[in-house]
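A short worksheet on the structure shown next.
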Amino acid sequence: MRYNERELLLLSRKPAEKAAEVLMRAPKKGSALKKRLVKLVVNFLFYFRTDETEPIGALLLEHCKISKEEGKNVFSISKCFRKELLRCLCQEKISPP
0 MRYNERELLL LSRKPAEKAA EVLMRAPKKG SALKKRLVKL VVNFLFYFRT DETEPIGALL
60 LEHCKISKEE GKNVFSISKC FRKELLRCLC QEKISPP
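As numbered in numbering that gives the first Met the number 0, residues 0 to 96 make up the sequence shown, in order.
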């Protein structure tokens, strides 16, 4: 399924099912952790700079593998050959409701 930028922007403005601030590392080796706001809407995980309202990216959470990584409150989302590393700022943010 394909989505255009306008459709994704409209979807990102809908109320979140879950949202949290996390430390996120880009898939590039050696990249630094950056604080991002992540927002789950339907089956998309949108990520934003903490001071902006327009998303800087989105992950379609279909056919993904979520894994616990080494370290406290660290997990990754892997899809095909891309891996996103995230660290929650507190345990409550990753616990089920």
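Here a beta-carbon is modelled for each residue, glycine too, at the ideal position from N, C-alpha and C.
All values reported here derive from a predicted model rather than from experimental measurement.
The continuous beta strand (DSSP E) containing L22 extends over residues 17-24. Note that the C-beta distance between V21 and V41 is not below 7 Å. DSSP places L32 outside any beta strand (DSSP E), giving it a letter other than H or E. When rounded, the separation of the alpha-carbon atoms in R12 and E53 is 8 Å.
In the DSSP assignment, L10 falls within the alpha helix (DSSP H) that extends over 4-11. Distance from the CA of K67 to the CA of E6, rounded to the nearest whole angstrom, comes to 31 Å.
Distance between N3 and A57, taken at the CA atoms: about 12 Å.
In the DSSP assignment, K64 falls within the unbroken beta strand (DSSP E) covering 64-67. Taking 7 Å as the cut-off, the beta carbon of L32 is found no closer than this to the beta carbon of L44.
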